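Notes for the one structure printed next.
Protein chains: 2
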Amino acid sequence: MQFINTLQAAYQPLASYLVGRFKIDEQKLQGIFSCFQPVKVSRNQILLNYNEVCRTYYFINTGCLRLFTVNKAGIETSRYFAFEGMFATALPSFIDQKPALEYLQAIEKSELLAISRKDFLQLVDTTTEFSHIYREILELGFVNAQKRIYGFQGFDALEKVKWVIESQPNFLLRVSNKMAASYLGISPSTLSRAKSRL
Amino acid sequence: MQFINTLQAAYQPLASYLVGRFKIDEQKLQGIFSCFQPVKVSRNQILLNYNEVCRTYYFINTGCLRLFTVNKAGIETSRYFAFEGMFATALPSFIDQKPALEYLQAIEKSELLAISRKDFLQLVDTTTEFSHIYREILELGFVNAQKRIYGFQGFDALEKVKWVIESQPNFLLRVSNKMAASYLGISPSTLSRAKSRL
DNA sequence: TGAAAACGTTGACATAAGTCAACACTTACG
DNA sequence: CGTAAGTGTTGACTTATGTCAACGTTTTCA
């Protein structure tokens, strides 16, 4: 499937995502696209603030989004990075419609497709494909979170670095040391030292 | 709703769970019950071994189940404890039907209701209530995992203990120090010392 | 019921990781 | 294009937590 004009081109990555997973006809596809708005965001732009209620789901055409929080002591913890071809949002807030306890941020200049919560949930309830996508997103999110919990606990800094290289080979190439360290739960100095010991 | 004989009584907690969440008629309820087999298990019994493929979901009438793994160095990590009125399984393996990288264990003498994966997925696909339950389970599991990731990172032992007391008040009363420590990612000695400093 | 195993607590010691600061290097952008 | 801010690395020092062992208490189950 290919598109002629640039507006349609913005939906190319989402189209690939969908047809790669489901048998889905052109008309249904257009119906889905009509719910998604193209959005361009700049590097370091905050898409959702702490304490804000999350009402949008994003699909990433290009770039990278990060979910992170800052504790009382000012320490940043990153819990998730999403790249091209992935969905991302502050899911706990999106689900409950309670204030987010985290930030959603673009860490690179990014091109996104945004869908409102209302439209998203409507798609989930009216199209079997989207109901399956949401289930897949949740299952994958859950499985990843478990892997992370097991992958981190009882591991020293060097083992964590090996673990992330093995499970997400591009991660350290794409993300700054500082952010990677805040994901791994170690200080930037320790990450730096661990990498030199590989 | 109340049951006369003991077999039906085994479904009482599941009935409470369901009617507390949905308007659901007696006939549908019986259809759901017919997929669940009562099972009694003893303290410390392993319900699923490492490398075994998980084909069963459990609902807990009484008792407590634990999900944990053991790394190469012999260190135990517990990732989840489920109590009365909750569902539990080794979800990553249950989803993918790949060998589990964890154990599922009863840590108390427990009364469970077991449903096969086949029946579970069929219920999810054929009854809107169960489809919603599965979504809820996944959403809750995901949200809990996120809370745990944020709740642990950058926290010292004392803060972790305070966090678990606040977010799961009964946890430390119900679970041994050793298991609680393996959940919090600290040694039993450190947990003991942290508690004395509360 | 009673012996044996498991558990929780505490002390002394070892160590991995954090903190802080200095430095060179890269990136951002007015 | 050039300055200023940000980043990664490394060394010296500090500290929280793990390890190991000893002890008394509780639990288990034959």
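Quick mapping for you: the protein sequence lines, in order, are chains A and B. Residue numbering for the first sequence follows our numbering, beginning at 24 and increasing consecutively. Residue numbering for the second sequence follows our numbering, beginning at 24 and increasing consecutively. A virtual CB, placed ideally from N, CA and C, is assigned to each residue, including glycine. Predicted model only: the values in this text are computed from it and were never measured.
Element boundaries [beta strand (DSSP E), containing residue i]
i: R89(B); result: 88-93
i: Y103(B); result: 99-105
i: I47(A); result: No beta strand (DSSP E) contains I47(A), which DSSP labels as neither H nor E.
i: V187(A); result: First-last for V187(A): 180-190, but that is the alpha helix (DSSP H), not the beta strand (DSSP E).
i: P61(A); result: 60-64
Residue from the options with nearest C-alpha to residue i
i: I83(A); options: G97(A), N74(A), S39(A); result: S39(A)
i: Q240(A); options: P61(A), I209(A), L146(A); result: This structure cannot speak to residue 240(A), because chain A is shown only from 24 to 221.
i: F143(A); options: S219(A), I118(A), K132(A); result: I118(A)
i: Q191(B); options: L221(B), S116(B), F106(B); result: F106(B)
i: T149(B); options: I55(B), A32(B), Q35(B); result: I55(B)
i: S101(A); options: R216(A), S215(A), Y206(A), N193(A); result: Y206(A)
i: Y126(B); options: L114(B), A33(B), L135(B); result: L114(B)
i: N94(B); options: V198(A), G174(A), N94(A); result: G174(A)
i: G108(A); options: K51(A), T85(A), F91(A), S65(A); result: T85(A)
i: T79(B); options: V184(B), F165(B), Q120(B), E159(B); result: Q120(B)
i: L41(B); options: S212(B), I156(B), G164(B), F165(B); result: I156(B)
i: K132(A); options: K170(A), D179(A), S65(A); result: S65(A)
i: Q31(A); options: G43(A), Q50(A), I47(A), P61(A); result: P61(A)
i: L52(B); options: Y81(B), K63(B), L146(B), I98(B); result: L146(B)
i: V170(B); options: K141(A), S154(A), L90(A); result: Residue 170(B) is actually Lys in this sequence, not Val. Measuring from the Cα of K170(B), the nearest candidate turns out to be L90(A).
i: I69(B); options: T92(B), E49(B), W186(B); result: T92(B)
i: L71(A); options: S154(A), S116(A), Q35(A), F178(A); result: S116(A)
i: I98(A); options: F178(B), I47(B), A33(B); result: F178(B)
i: Y34(A); options: I47(A), S57(A), D48(A), S154(A); result: S57(A)
i: Y223(A); options: W186(A), S219(A), I47(A), P36(A); result: Because chain A here runs from 24 to 221, residue 223(A) falls outside it and cannot be looked at.
C-beta atoms of residue i and residue j nearer than 8 angstroms
i: Q128(B); j: N200(B); result: no
i: A168(B); j: I172(A); result: yes
i: N45(B); j: E162(B); result: Correcting the residue type first, residue 45(B) is Phe in the shown sequence and not Asn. Their beta carbons are not under 8 angstroms apart, which means F45(B) does not touch E162(B) by this criterion.
i: Y73(A); j: A137(A); result: no
i: C87(B); j: I130(B); result: yes
i: F104(B); j: V198(B); result: yes
i: L221(B); j: A203(B); result: no
i: I188(A); j: L195(A); result: yes
i: V166(B); j: A217(B); result: no
i: K63(A); j: E159(A); result: no
Where the alpha helix (DSSP H) through residue i begins and ends
i: P115(A); result: 114-119
i: Q128(A); result: Premise fails: Q128(A) lies in the beta strand (DSSP E), 126-129, not in any alpha helix (DSSP H).
i: G174(A); result: 151-175
i: V42(A); result: 35-42
i: N200(A); result: 200-207
i: L196(A); result: 194-197
i: S215(A); result: 211-219
For residue i, the residue or residues it bridges with in DSSP
i: A111(A); result: Y81(A)
i: V76(A); result: P122(A)
i: L256(B); result: Past the edges of chain B, shown from 24 to 221, lies residue 256(B), and the structure says nothing about it.
i: L71(A); result: L127(A)
Check your understanding: Looking at chain A, which residues of the region 175-192 of chain B have a Cβ within less than 7 angstroms of any of its Cβ atoms?
Key -> For the region 175-192 of chain B, the beta-carbon criterion of a distance under 7 angstroms to any beta-carbon of chain A is satisfied by Q176, G177.
Exercise for review: Determine which residues of the region 59-75 of chain B have a Cβ less than 9 angstroms from any Cβ of chain A, and write them out in chain order.
Suggested key: none
Review point. Between the region 102-134 of chain B and chain A, which residues of the former have a C-beta closer than 8 angstroms to a C-beta of the latter?
Key: Answer set for the region 102-134 of chain B: R102, L114, P115, I118, D119, L124, E125.
Practice item. Would you list, in chain order, the members of the region 206-219 of chain A that have their beta-carbon closer than 7 angstroms to a beta-carbon of chain B? Key: Residues passing the 7 angstroms Cβ filter: G208.
Check your understanding: If you measure beta-carbon to beta-carbon, which residues of the region 141-157 of chain B are closer than 7 angstroms to chain A?
Key -> none
Practice item. May I ask you to list, following chain order, the residues of the region 78-99 of chain B that have a beta carbon less than 8 angstroms from some beta carbon of chain A? Key: T92, N94, A96, I98
Review point. Closer than 8 angstroms, Cβ to any Cβ of chain B: which residues of the region 38-61 of chain A, in chain order?
Key: none
**Study point:** Residues of the region 159-174 of chain B with Cβ closer than 7 angstroms to any Cβ of chain A, in chain order
**Key:** Answer in chain order: L161, E162, G164, F165, V166, A168, Q169, R171, I172, Y173.
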